[in-house]
Structure formats: C-alpha cells, structure tokens
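Written out below as structure tokens is the structure these notes cover.
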C-alpha cells in the first residue's frame with residue numbers, strides 16, 4: 008500500500024513540474040492574427056470585427072486643460 012502512495016506522490020510532482028505550460032496561452036489569444044499586414048480598409052474592418060487590432064485614438068486636450076491653469 009505504501010508503494011502505491013509513493014507513486015501517486017511522484018505523479019503529482021511530475022504534473023506540477025509542467026504546470027507552467029497551462030498558462031502559456033489562452034482561448035482569447037490572437038497571436039498571428041494578421042500574418043502579412045492589412046492591405047485595405049475592408050480587410051481592417053473584417054479583422055476589427057473579430058478583435059480590436061488597433062487601440063482607440065487618443066483624445067488630445069487643449070494645453071490649458073492639461074496643466075491645470
């Protein structure tokens with residue numbers, strides 16, 4: 008009976024050693040989504056329907072509002 012428990016402990020250790028592989032990617036990872044670049048606006052819109060490939064444009068405030076004057 009002790010031998011069986013010893014083998015089980017070893018199996019858990021083996022699993023723990025490779026546990027980092029479980030967090031290597033996710034179901035929402037889009038690495039390699041655009042392999043050759045975007046050639047036109049329609050293609051960009053098609054990609055953006057799946058995933059926001061470009062961050063939204065930054066809104067620039069007038070200089071007086073950013074300083075607190």
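Numbering (this note's numbering), first residue to last: 8 to 76. C-beta: ideal position from N, C-alpha, C; glycine also. On a predicted model such as this, the values are computed, not experimentally measured, just so you know.
Determine the DSSP secondary structure at residue 25, reduced to helix, strand or coil. coil
Looking at the secondary structure, which residues open and close the alpha helix (DSSP H) in which residue 64 lies? Residue 64 -> no alpha helix (DSSP H), and no H or E assigned at all.
In the structure shown, what three-state DSSP assignment does residue 49 receive? helix
Helix, strand or coil at residue 43 according to DSSP, with G and I counted as helix: coil
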